[in-house]
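What follows is a set of notes on a single structure, which appears directly below.
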Amino acid sequence: MLSALYSKLHLHKQSHRLIGRCFVLSQGLAQERNGGVRVCAVIYRSTSTCPDRPIFSFQVYDTTENSADHAHLDAVATKIHEDTYEERDFYGGMFSDRLDFYGLAMPSDTTQEERVQKCIEHQKAEIAARNATGKTDYYIPGTFDQRDYQRQFVIIDKTDPQWEQGEGGFLKVRYDLLHGEREEDDQCPEISCRRADGINALGKWLYESKSIGQWFYETYVGGGLIQEEMPRARRSRK
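Counting from 1, one number per residue, gives the positions in the sequence shown under the numbering used here.
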């Protein structure tokens with residue numbers, strides 16, 4: 001396994017934007033040599049009201065063929081962070097967030113179903129590994145939806161010039177569906193996949209997903225619920 005979990009390889013500050021790189025907890029050195037996620041770029045803004053790394057985060061998987069390259073992933077992370085910041089900062093910086101970008105390179109002819117499944121498999125392993133550390137530094141929150149999907153992330157499957165073309169290059173994925181009683185006309189697929197036709201549409205979706213920010217920070221974090229989740233995760237890994 002990696003000798004220094006979440007060791008930062010570089011960190012720079014520009015206009016209060018912080019971008020760092022960390023090792024991915026669910027990956028070992030052997031796994032890295034055999035493919036899979038190799039790099040993770042973490043980006044957020046440090047403000048006077050929220051100077052530290054935010055606990056609330058969004059997960060983004062770049063599955064394009066060049067995504068294993070550090071410079072490529074950093075550039076993608078910076079562009080999406082900046083171009084969606086106005087939408088995500090609608091709440092006036094009261095509830096900061098961070099964006100975690102994973103480089104999970106796949107061939108261009110990979111089907112949507114294959115991309116989604118590989119990303120789900122990685123996220124499940126990553127959540128378990130991060131929670132098992134007992135630390136909240138790089139926490140991956142769920143949707144906290146009491147009715148539908150419990151987990152979500154974004155897939156990038158097209159390069160930057162194609163983000164605004166056709167259906168766009170972003171796929172919004174939600175999974176881990178709660179199975180309760182539903183009306184016949186209210187059935188949901190096990191996995192929900194929808195296109196965001198451009199970066200503005202992506203920003204709007206991130207904003208909508210951030211609507212739980214106040215509850216998350218005041219109740220889940222402030223009320224200590226997040227600290228109760230960590231021991232459960234460690235026990236489940238034994």
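Ideal placement from N, C-alpha and C gives every residue a C-beta, glycine not left out. Keep in mind the model is a prediction, meaning the values are calculated, not measured.
Classify residue i: buried if its beta carbon has 16 or more other beta carbons within 10 angstroms, exposed otherwise.
i    : result
H122 : buried
L225 : exposed
S209 : buried
R194 : exposed
Q227 : exposed
R115 : buried
A41  : buried
E126 : buried
In terms of alpha-carbon separation, which member of the options lies closest to residue i?
i    : options               : result
A105 : T63, F56, Y44         : T63
Q152 : S57, N200, M230       : S57
K79  : F101, F90, S96        : F101
G142 : Y220, R53, P231, D160 : Y220
Tell me whether residue i sits in a helix, a strand or coil according to DSSP, three-state version.
i    : result
N34  : A caution first: N34 carries a pLDDT of 35, below 50, which makes its placement in the model unreliable, though a value can still be read off. It is coil, neither helix nor strand.
D62  : strand
R130 : helix
G28  : Legend: pLDDT at G28 = 34, less than 50; position of this residue unreliable, value from coordinates given subsequently. Residue state, collapsed to three classes: coil.
R147 : coil
Taking C-beta to C-beta, are residue i and residue j nearer than 8 Å?
i    : j    : result
D137 : L178 : no
I156 : V173 : no
G168 : G213 : no
A204 : E65  : Before going on, a small fix: residue 204 reads as Lys here, not Ala. Contact flag unset, no.
Y44  : S108 : no
T111 : L202 : no
G134 : V39  : no
In this structure, what does DSSP give as the bridge partners for residue i?
i    : result
C193 : V173
D74  : BP columns for D74 are empty, so no partner.
Q152 : R174
S57  : R98
Cβ of residue i within 7 Å of any heavy atom in the ligand GDP?
i    : result
N200 : Only the bare structure without any ligand can be found here, which leaves the ligand GDP out of the picture.
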